[in-house]
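Each remark here refers to the structure printed beneath this line.
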Amino acid sequence: MKRCVRGLTVVEVIAIVVVVVILVGILLPAMGRPNHHGGSRQLKDQTQVRGIVQAMSLWAQNNGDRYPLPSLVDKDNATVADIGATKNTTANIFSLLVFNGSIPTEICVSPAESNGKMEVFTKYALEKPPTAVNPEKALWDPSFNADFTGDKQSHLSYAHTQPFGAREKRWMYTLAATDAQVGNRGPEIKEIQRRRSSFTPIPMLNDSNTYLIHGGRKTWEGNIAYADSHVNFETSMIGEDAANWPNYQGKAGSTPDCLFFDEPDDVKRDNVFMSIFTKAGAEAKDWKAIWD
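Using my numbering, the first residue of the sequence shown is number 7, and each one after it goes up by one.
As structure tokens, this is what we get:
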């Protein structure tokens, strides 16, 4: 008995083609989607970090190679009542850049931000800021906030190296490719665990918000800008390549520097120490770094 094999009708062929096109449309973006390191948020964040360090470099070229320090410009205390080095908080530093037209407030908050206390400051006063001591002579808007630990929203995602003591020489236009200046903030570090030639940062918290910016649930990754204006997407808080990573002089000699830890064995006290600083001053005890 003959079996009759029916061919596909034109309508059926068209239907199959449509289904294939739809599937291709769904699968191709997924297959071509950038991986975690090349994701659009990470790349946009990298652009913002680069924009900040370039703005700092431009400021330095017009100010004796120094990056912005509020204590050096608000000498008449017209902006804030704080005296001297106590003005050099993170909020004041970045607000000074905004007021000067070096950066907009939009790039102060990372597109990959994981902390709900961060938001772009849309009410920045570029003229006569009302919260200043003397609005007519103010040099930045003091209402720009970088403290995410209080009741108010913070307007800044990024950490920077502490501009204090021997570290202040890093807070300059040095063009050094290993001078970390600004970038995604990291977790608070309790200690560095050392085993032979291995260095492992031990965090205070295992669920830091900073892991979720670019890293995994228990690992940190982030964009870090250096004094020569290049930006690296770092996958570790501490590196072992002395030629391409910050080092400090420890008691055992040249030692890999953890970006977010003030190593107690640093002989020269000029190691990289990045955070958001809500308090500043003339002595180490005056400074307060915040973490999440």
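Ideal Cβ positions, reconstructed from N, Cα and C, are used throughout, including at glycine.
Keep in mind it's a predicted model, so treat the numbers as computed, not measured.
DSSP beta-bridge partners of residue i
{"i": "Pro209", "result": "Ile195"}
{"i": "Glu240", "result": "Gly228"}
{"i": "Arg72", "result": "Met178"}
{"i": "Thr167", "result": "Met280"}
{"i": "Arg200", "result": "Phe205"}
{"i": "Ser160", "result": "Met124"}
Residue i, enclosing alpha helix (DSSP H) - first and last residue
{"i": "Phe100", "result": "96-105"}
{"i": "Tyr217", "result": "217-220"}
{"i": "Gly57", "result": "46-67"}
{"i": "Ser77", "result": "76-79"}
Option in the options with minimal Cα separation from residue i
{"i": "Ala231", "options": "Val86, Ala249, Leu181, Arg202", "result": "Leu181"}
{"i": "Asn215", "options": "Ile296, Arg202, Glu174", "result": "Ile296"}
{"i": "Met62", "options": "Asp213, Ser108, Gln199, Ala286", "result": "Ser108"}
{"i": "Ile282", "options": "Asn212, Asn250, Met124", "result": "Met124"}
{"i": "Leu218", "options": "Asp80, Gly122, Arg176", "result": "Gly122"}
{"i": "Val104", "options": "Arg200, Trp146, Ser163, Gln52", "result": "Trp146"}
{"i": "Pro169", "options": "Thr128, Asp88, Thr92", "result": "Thr92"}
{"i": "Arg72", "options": "Gln52, Gln187, Thr53", "result": "Gln187"}
{"i": "Ile58", "options": "Arg47, Leu162, Asn83, Phe154", "result": "Leu162"}
Where residue i falls, given that 16 or more other Cβ within 10 Å makes a residue buried
{"i": "Pro209", "result": "buried"}
{"i": "His236", "result": "exposed"}
{"i": "Thr206", "result": "exposed"}
{"i": "Pro193", "result": "buried"}
{"i": "Gln199", "result": "exposed"}
{"i": "Ala172", "result": "exposed"}
{"i": "Ala118", "result": "buried"}
{"i": "Arg191", "result": "buried"}
{"i": "Gly70", "result": "exposed"}
{"i": "Gln67", "result": "exposed"}
{"i": "Asn140", "result": "exposed"}
{"i": "Pro270", "result": "exposed"}
{"i": "Thr261", "result": "buried"}
{"i": "Glu289", "result": "exposed"}
{"i": "Leu75", "result": "buried"}
8 Å Cβ cutoff met for residue i and residue j
{"i": "Asn229", "j": "Val55", "result": "yes"}
{"i": "Thr137", "j": "Thr284", "result": "no"}
{"i": "Glu112", "j": "Val126", "result": "yes"}
{"i": "Ala183", "j": "Asp263", "result": "no"}
{"i": "Val251", "j": "Gly259", "result": "The amino acid occupying residue 251 in the given sequence is Trp; Val does not appear at that position. No; because the gap between Cβ atoms is not below 8 Å, this pair is not in contact."}
{"i": "Val273", "j": "Lys257", "result": "yes"}
{"i": "Val86", "j": "Asn98", "result": "yes"}
{"i": "Phe266", "j": "Thr167", "result": "no"}
{"i": "Gly189", "j": "Ala152", "result": "no"}
{"i": "Gly90", "j": "Ser101", "result": "no"}
{"i": "Tyr130", "j": "Phe150", "result": "yes"}
{"i": "Ala144", "j": "Lys158", "result": "no"}
{"i": "Asp276", "j": "Lys175", "result": "yes"}
Span of the beta strand (DSSP E), counted from its first residue to its last, around residue i
{"i": "Ile89", "result": "Looking at the DSSP string, Ile89 is not in any beta strand (DSSP E), and its letter there is neither H nor E."}
{"i": "Thr280", "result": "Inspection of the sequence shows that residue 280 is occupied by Met rather than by Thr. Segment 280-285, the beta strand (DSSP E) holding Met280."}
{"i": "Gln187", "result": "186-190"}
{"i": "Ile296", "result": "294-296"}
{"i": "Pro262", "result": "259-262"}
{"i": "Asn277", "result": "Looking at the DSSP string, Asn277 is not in any beta strand (DSSP E), and its letter there is neither H nor E."}
{"i": "Asn253", "result": "253-256"}
Residue i beta carbon near the ligand FAD (any heavy atom closer than 7 Å)
{"i": "Gly222", "result": "In the structure shown, the ligand FAD is absent, as is every other ligand, since no ligand is present at all."}
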